[in-house]
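Student: Sharing a structure below in structure tokens format, with a few things to ask.
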Ligand code: ATP
């Protein structure tokens with residue numbers, strides 16, 4: 001296990017015209033479980049392949065602790081990588097597929113057997129160990145591929161690229177918790193690539209959010225949810241994502257349309273901002289009080305566990321979460337209040353303050 005340090009690492013596939021990964025400096029700390037979260041095409045796989053050595057970065061240097069590995073090929077980096085599409089030896093049994101990375105590195109026979117049985121039991125593969133891997137359904141094959149990435153105890157890092165995409169959704173929850181168990185046991189540095197926020201938030205010690213080739217924020221799941229540093233994190237994390245409304249700072253007051261919605265915490269120059277508040281924290285009341293803003297209810301989604309109240313505020317859409325079975329109705333006017341410690345101000349998409 002090692003700290004993996006990227007120093008000014010960036011990658012362009014077209015000779016510098018565009019950057020799939022913008023030059024970044026970042027350290028993956030030893031023994032932590034990371035989720036690398038971002039939309040399709042944001043550079044997740046590029047970043048993973050740079051760490052494993054499948055791709056040489058256009059610029060920058062990579063260190064595993066104090067050993068520079070920028071020019072070290074994959075085989076010399078001691079990394080276990082699991083790809084989105086399983087690469088299995090189809091004619092081999094599940095057991096032999098799992099044992100392969102260990103035999104290859106000449107682990108003792110008893111150790112191989114112990115590790116294969118441990119991992120297969122945790123991942124629910126113990127009943128199919130003798131089966132040829134081509135006879136398994138695609139979901140099971142993906143789990144074998146995951147197991148093969150986890151079977152070695154001594155690795156610099158385990159890199160998982162969307163490892164559960166074809167696994168049955170109900171089973172995914174179990175597998176993620178098993179993965180956590182394995183991580184606790186082995187203490188691997190683990191990077192789990194996903195575009196699915198639930199997967200990232202339920203699994204990781206730390207979530208690294210990548211957008212457009214750059215890390216926009218990294219932190220514990222609660223921190224990203226409660227305190228997004230960038231509009232993208234507000235949108236991308238949360239279901240539905242953060243509401244964003246155009247607003248104006250006038251003196252120390254924040255206005256949405258003509259309404260005063262609160263005071264600026266600290267000092268900020270006057271002018272336009274965007275105000276961000278999550279649906280969970282918007283408070284709805286029938287009473288007009290200041291600060292607050294009038295909203296016309298446009299619809300209610302009854303989600304079972306809660307209601308989503310859709311509204312228009314100064315011509316902009318907003319969603320609030322309310323208790324299931326709420327009495328709000330379309331075409332009525334309600335008043336919204338934005339709590340001071342949960343409402344943030346953004347300029348150029350970056351958080352610049354709060355209420
Ligand atoms: P996905 O979730 O869809 O796999 P990603 O976040 O992993 O996406 P990358 O696959 O790293 O993103 O791609 C980042 C950008 O680089 C994209 O614009 C992609 O089209 C481009 N790209 C990736 N691989 C190549 C390649 N071999 N040649 C040219 N462009 C590439």
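In UniProt numbering, the protein residues as written are 1 to 355.
Heads up, the beta-carbon is just placed ideally off N, CA and C, and yes, glycines get one too.
Compute every distance between the C-beta of residue 107 and the non-hydrogen atoms of the ligand ATP, then say whether any falls below 6 Å.
Tutor: Outside the cutoff, so no.
Student: From the DSSP output, in three-state form, read off residue 183 for me.
Tutor: In the structure shown, residue 183 sits in a helix (DSSP, three-state: H, G or I).
Student: Looking at C-alpha atoms only, which residue of 339, 223 and 304 is the closest neighbour of residue 285?
Tutor: Checking every option, the nearest Cα to that of residue 285 belongs to 339.
Student: Chain B beta carbons: is any one of them nearer than 7 Å to that of residue 158?
Tutor: Judged by its chain identifiers, the structure shown contains no chain B, having just a single protein chain.
Student: Could you check which residue in 7, 147 and 201 has the C-alpha nearest to that of residue 173?
Tutor: Of 7, 147 and 201, the residue nearest in Cα terms is 201.
Student: Across which residues does DSSP place residue 174 in a beta bridge pair?
Tutor: Partner(s): none; residue 174 has no beta bridge.
Student: Could you please give me the residues that DSSP links to residue 285 through a beta bridge?
Tutor: Looking at the DSSP assignment, residue 285 forms a beta bridge with 335.
Student: Three or more C-beta pairs under 8 Å: does that hold for the region 121–136 against the region 7–18?
Tutor: Not touching, per the Cβ criterion.
Student: Tell me whether residue 84 sits in a helix, a strand or coil according to DSSP, three-state version.
Tutor: It is coil, neither helix nor strand.
Student: With hydrogens ignored, establish whether the beta-carbon of residue 53 is closer than 6 Å to any heavy atom of the ligand ATP.
Tutor: For the ligand ATP, not one heavy atom lies less than 6 Å from the Cβ of residue 53.
Student: Which residues end up in the neighbourhood of the ligand ATP when you take C-beta atoms closer than 6 Å to any of its heavy atoms?
Tutor: Every residue passing the under-6 Å Cβ criterion appears here: 13, 20, 38, 40, 41, 42, 43, 44, 45, 46 and 195.
Student: Please return the same chain residues whose Cβ sits closer than 7 Å to the Cβ of residue 304, not counting the five positions on each side in sequence.
Tutor: 324, listed in sequence order.
Student: Considering only residues of the same chain and omitting the five flanking positions on each side of residue 149, which have a CB-CB separation below 7 Å?
Tutor: Counting only Cβ-Cβ distances below 7 Å, and skipping sequence neighbours, we find 80, 81, 82, 158 and 160.
Student: The alpha helix (DSSP H) spanning residue 139 covers which residue range?
Tutor: It spans 138–150 - the alpha helix (DSSP H) in which residue 139 sits, taken as one unbroken run.
Student: Measure the C-alpha to C-alpha separation of residue 19 and residue 57 and round it to an integer number of angstroms.
Tutor: One C-alpha to the other measures close to 11 Å.
Student: Per DSSP, what kind of secondary structure is residue 354 in: helix, strand or coil?
Tutor: Note: residue 354 maps to strand in three-state DSSP.
Student: For residue 265, I'd like the list of residues in its chain whose CB is within less than 8 Å of its CB, leaving aside the five on either flank, ordered along the chain.
Tutor: Excluding positions up to five away in sequence, the list reads 340, 353, 354 and 355.
Student: With DSSP collapsed to three states, give me the class of residue 27.
Tutor: Correct three-state label for residue 27: strand.
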